[in-house]
Amino acid sequence: MTVQQQLTAAPSPPSTKINGAPTDTHRALRSAQRRLGHIGGARAAASPAAVASAYDRVTEGLDTWVRMAERRRDEATDSHSDQARWKHLIEAVTRPRRPSDTSYEGLVLLVSGVRELLRALLSTEPPFVPIAEVGRRIHQRIAAGTYAPGTPLSMSGIADELRLPLDSVSLALSDLARNGTIEAEANGRFRIPWLDAGDGRARHLANWLRELIAAGVYPPGCALPVRRELARILVTSQEPLTEALCLLFEDGTLACDANRRPVVQAGKVATRPVSRLPQPTEPTDDVDLSPAGIRETVSTVHAWWTARLSPLRGSVDRCIDQLCAAALHLETRARSAASAPATEEPDLSSVIVRMKITAAAVLQPTVEVRLWHAACLATAVRDLLCIIERRENCTGESAA
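So the mapping is simple: the numbering used here equals the position in the sequence shown, first residue as 1, plus 7.
Structure, rendered in structure tokens:
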């Protein structure tokens, strides 16, 4: 019987299921793996006839498993990586026979390809979780902040956490990297991107500027600060800020004045009152509210955000509590500070409103957004501290 006749005559594995599990298919795959383990040894290299016989034994019944793999490939429509996996496995065992394939080296490659195909089929037998579903579960954890931004993802750790095969997690991460949810590194690992990646950062900045406009930090008719100052206030780089401003120009929130400064358009963003500063979530009796202590907290948060570090959430929350305590302390000092002579410093009430609106929004569920808002709050707190110190110094000089 020729190889082609053997492939045609090979029976399909039984499809009887016991308690919902295709145990007969599972048993047939195990049997094919054991039979394959006895092919390709030293005896197969004894002569060309032995090699040809081994080829025939390997390909016997192979079309059954190829058809099963093709079904798995066709079912994986929601996962590009899974389809590519099956395509590669199928091509490895269905290449056209050539004269060179009668070599012993060719036999070893074929046996290796069939072994990988059988292993993949066996690992994807029910109750197998589709790769697309694995990707959705990982994406849910990313959105919830379970995996800290900027840090590498541990495939083995995710597999243990989700109780899923390592191969499934690897393929799902490849899909997430393909659609931009995570980043693929040159070493084959994956990491959660920061907001600066892609146009997501620009949209986030545009939304936050709308919040500041609605709170009255930049009222209608007001020109926004120059680009460099606005980037400092928002703790961002120039490129995503420029994209954010373009978005606000497009929707009519901003317009250009004669000096080509962005000006807030009236009626484009509904104004709303600013609530009081939130109280710290933890006791702050030991918080250092001296200027040096406040500046140290500000520097710590800025260093985390600028270096794209991933501190523990508890550490971030403690710094947020310290910033909120400093904001309450500085607001009280601002009320008692005497008016200073006209200077070029930012308006005191505008900085206080910016500090309040940022403090109210800082407790975000996503770790990355929380850290960025904390950096913005730190900037507002430092700005208010500088204004108060200048005004108090001016008052002291006047009294002297």
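The beta-carbon is built from N, C-alpha and C at its ideal position, and this holds for glycine as well. This structure is a prediction, so every number in the text was calculated from the model and none was measured.
Does the structure place the segment 81-98 close enough to the segment 56-66 that three or more beta carbon pairs sit under 8 angstroms?
Three or more Cβ pairs closer than 8 angstroms define a contact, and the segment 56-66 falls short of that threshold against the segment 81-98.
contact_flag[the segment 183-195, the segment 243-251] where n(CB pairs < 8 angstroms) is 3 or more:
Too few Cβ pairs lie closer than 8 angstroms, so no.
Just to confirm, is the Cβ distance from V276 to C229 under 7 angstroms?
With contacts defined as CB atoms closer than 7 angstroms, V276 and C229 fail to qualify as a contacting pair.
Between the CA atoms of M362 and D293 - distance to the nearest angstrom:
22 angstroms
Where do the N-terminal and C-terminal ends of the alpha helix (DSSP H) with C229 fall, by residue?
That residue, C229, is in no alpha helix (DSSP H); it is neither H nor E in DSSP.
Under the three-state DSSP convention, the category E190 falls into:
If DSSP states are grouped into helix, strand and coil, E190 belongs with the strands.
By alpha-carbon positions, which one of T84, E236, S119 ends up nearest to A139?
T84
Evaluate C331 with the Cβ neighbour count: other Cβ atoms within 10 Å of its Cβ, from every protein chain shown; 16 or more gives buried, anything less gives exposed.
buried
Looking only at its chain, what residues have a beta carbon closer than 8 angstroms to the beta carbon of W312, apart from the 5 residues adjacent to it on each side?
V242, L378, W379, A381, A382
Going by the beta-carbon positions, is the gap between S317 and V224 smaller than 7 angstroms?
no
Could you check if L69 is buried or exposed, using at least 16 other CB atoms within 10 Å of its CB as the buried criterion?
buried
Close beta carbons around L180, own chain, < 6 angstroms, minus the five adjacent residues each side:
F197
Among residues of its own chain, excluding the 5 on either side of G44, which ones have a beta-carbon nearer than 8 angstroms to its beta-carbon?
Cβ within range, chain order: n/a, list empty.
Where the beta strand (DSSP E) through L261 begins and ends
261-263
What does DSSP give as the partner residue(s) for V5 in the beta ladder?
The shown model of the chain, from 8 to 407, leaves out residue 5, and the question about it has no answer.
Closest by C-alpha distance to A364, when choosing among R340, D295, L216:
Reading off the sequence shown, one finds Ile at residue 364, where the question assumed Ala. The option with the nearest alpha carbon to I364 is L216.
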